[in-house]
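Structure first, commentary second.
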Amino acid sequence: MSEMRVDISELKSEGSDLIKELAEFLEEKTKAEVETATDEIVVKGEGKNVSRSYLRVLLRKFLHKQELKEYFRVIGGKENTLVIKERKISEEE
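Numbering (our numbering), first residue to last: 4 to 96.
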């Protein structure tokens with residue numbers, strides 16, 4: 004059984020309802036066990052459903068669906084970890 008972690012420490016600023024929706028979305032799409040901790044979501048499952056690349060695609064889809072793609076991005080962290088990071092937005096005058 005493989006385990007992937009998603010660091011959501013910066014996404015928490017958007018509210019706890021969004022985190023619950025993300026956990027439900029990942030559980031529905033991967034058919035894997037999803038646990039929510041303080042600053043991370045842990046996806047436990049087998050096979051391709053919890054591969055790093057597939058999880059990255061799902062996180063991007065979720066951000067796009069929630070219209071947050073302009074403000075957040077998904078980057079790789081340590082081994083078996085993905086990070087949802089806030090984009091640095093340059094203010095245009």
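Think of the CB as a built atom: it goes at the ideal place given N, C-alpha and C, for glycine as much as any other residue.
None of these values were measured; they are calculated from a predicted model.
Start and end residues, alpha helix (DSSP H) containing residue i
{"i": "ARG59", "result": "55-68"}
{"i": "SER33", "result": "Per the sequence presented here, residue 33 reads as Thr, with Ser not at that position. Unbroken alpha helix (DSSP H) run through THR33: 19-33."}
Test item: CB-CB of residue i and residue j under 8 Å
{"i": "GLU38", "j": "MET4", "result": "no"}
{"i": "GLU43", "j": "ARG76", "result": "no"}
{"i": "LEU85", "j": "LEU66", "result": "no"}
{"i": "GLU82", "j": "VAL45", "result": "no"}
Inter-residue spacing [alpha-carbon to alpha-carbon] between residue i and residue j
{"i": "ASP10", "j": "ALA26", "result": "12 Å"}
{"i": "GLU73", "j": "LYS23", "result": "21 Å"}
{"i": "LEU62", "j": "GLY80", "result": "14 Å"}
{"i": "ARG90", "j": "LEU71", "result": "10 Å"}
{"i": "THR41", "j": "SER19", "result": "10 Å"}
Nearest-angstrom beta carbon gap, residue j and residue i [assumed within contact, 8 Å]
{"i": "LYS88", "j": "GLU13", "result": "6 Å"}
{"i": "ALA35", "j": "VAL53", "result": "5 Å"}
Extent of the continuous beta strand (DSSP E) to which residue i belongs
{"i": "LEU85", "result": "84-89"}
{"i": "LYS47", "result": "43-48"}
Any non-hydrogen atom of the ligand SAM within 7 Å of residue i CB
{"i": "ASN83", "result": "Ligands displayed in this structure: none; no statement on the ligand SAM is therefore possible."}
Residue-level contact to chain D via CB, residue i, 8 Å cutoff
{"i": "VAL46", "result": "Of the chains in the structure shown, none is chain D; there is only one protein chain."}
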